[in-house]
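Report on one structure; see the data block that follows.
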Amino acid sequence: MVINIGELNRIAGGIRLAFVTLRDGEDPEALLKRFQTTMQRSGILRELRNRRFFRSKGEQSRLDKQRSLRRLRRRRRGVVRR
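If you read the sequence shown in numbering that gives the first Met the number 0, its first letter stands for residue 0, the second for the next number, and so on.
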């Protein structure tokens, strides 16, 4: 089963959900690992950390610009990130 987080987000009315279903013969540890991977890819925890404290638009803009510059420098150096 392929989980499309964007579709879930639209269906849930903006509430971000991530879930996995138990496959036939799958052990609980594999299920947990799949769930953790899904959570990581969905970005829910990252968004939660970012929203923990209020950031003004100016502060968010500065942070976005810093991230952008970092990405650009990495690309120029040829550093590959996953």
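For every residue, glycine included, the Cβ atom is placed at its ideal position computed from N, Cα and C.
Look at the alpha carbon of Arg-74 and the alpha carbon of Val-19, and state the distance between them as a whole number of angstroms. Here the question's residue 74 lines up with position 75 in the sequence shown. Here the question's residue 19 lines up with position 20 in the sequence shown. About 34 Å.
Near Leu-21, what residues of its chain come up, given a Cβ to Cβ distance below 7 Å and the 5 sequence neighbours on each side ignored? Position 22 of the sequence shown, counting from 1, holds the residue named residue 21. Here the set comprises Leu-30.
If you draw a straight line from the C-alpha of Asp-63 to the C-alpha of Asp-26, how long is it? Translated into the one-based positions of the sequence shown, residue 63 becomes position 64. Translated into the one-based positions of the sequence shown, residue 26 becomes position 27. Cα-Cα distance, rounded: 41 Å.
Sub-8 Å separation of Arg-66 and Ile-43 beta-carbons: On the sequence shown, residue 66 is found 67 positions in, with the first residue counted as 1. On the sequence shown, residue 43 is found 44 positions in, with the first residue counted as 1. No, the Cβ-Cβ distance between Arg-66 and Ile-43 is not below 8 Å.
Quick check: the Cα distance between Arg-48 and Glu-28, rounded to an integer number of angstroms? For the purposes of this step, residue 48 is taken as the residue at position 49 of the sequence shown. For the purposes of this step, residue 28 is taken as the residue at position 29 of the sequence shown. Answer to the nearest angstrom: the Cα atoms are 26 Å apart.
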